[in-house]
Structure formats: structure tokens, C-alpha cells
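Peer 1:
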Amino acid sequence: KSYREIAEQAHASPTTVVRVARFLREMPHQGYRLVLDRIKRPRH
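The numbering of the sequence shown is the numbering used here, which starts it at 33 and goes up by one.
This is how it looks when you write it as C-alpha cells:
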């Protein structure tokens, strides 16, 4: 999906989506990535 499509679905600005994407790519601690991966996992 494009950043614009993601922004529309998330009710956020495209700028915010770009900033979060950049953070996920560049930050060494990957805190957001960990949370997003946990959200994606099915619960038992």
C-alpha cells in the first residue's frame, strides 16, 4: 500500500505515516516494531 492509503486508513496525515516508517527503518531499539509484531500475532 502507499503511504497515502495507509494514512487514510489510520486517520493520520501522510507526513505522520512517513515519519513512523522512517523511525521503524532507522531506530536501533525497534520498540514500535515489537509492538506491531505482537499486535499481528493471533491470540490463543
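In this text, a Cβ means the ideal position worked out from N, Cα and C, and glycines have one as well. None of the values given here were measured: they were computed from a predicted structure.
Rounded to the nearest angstrom, how far is the Cβ of Ala-39 from that of Val-49, given a contact under 8 Å?
Peer 2: Sure, about 5 Å apart at Cβ, within 8 Å.
Peer 1: Can you find the residues in the same chain that come closer than 8 Å, C-beta to C-beta, to Arg-73, ignoring five residues on each side of it along the sequence?
Peer 2: Same-chain partners within the cutoff: there are none.
Peer 1: Arg-73 lies in the alpha helix (DSSP H); which residues open and close that run?
Peer 2: Unbroken run through Arg-73: none, as it is neither H nor E.
Peer 1: Below 7 Å between beta carbons: does that hold for Tyr-35 and Pro-46?
Peer 2: Yes, the Cβ-Cβ distance between Tyr-35 and Pro-46 is below 7 Å.
Peer 1: For the alpha helix (DSSP H) containing Ala-42, list its first residue and its last residue.
Peer 2: Where Ala-42 is concerned, the enclosing alpha helix (DSSP H) stretches over 35-42.
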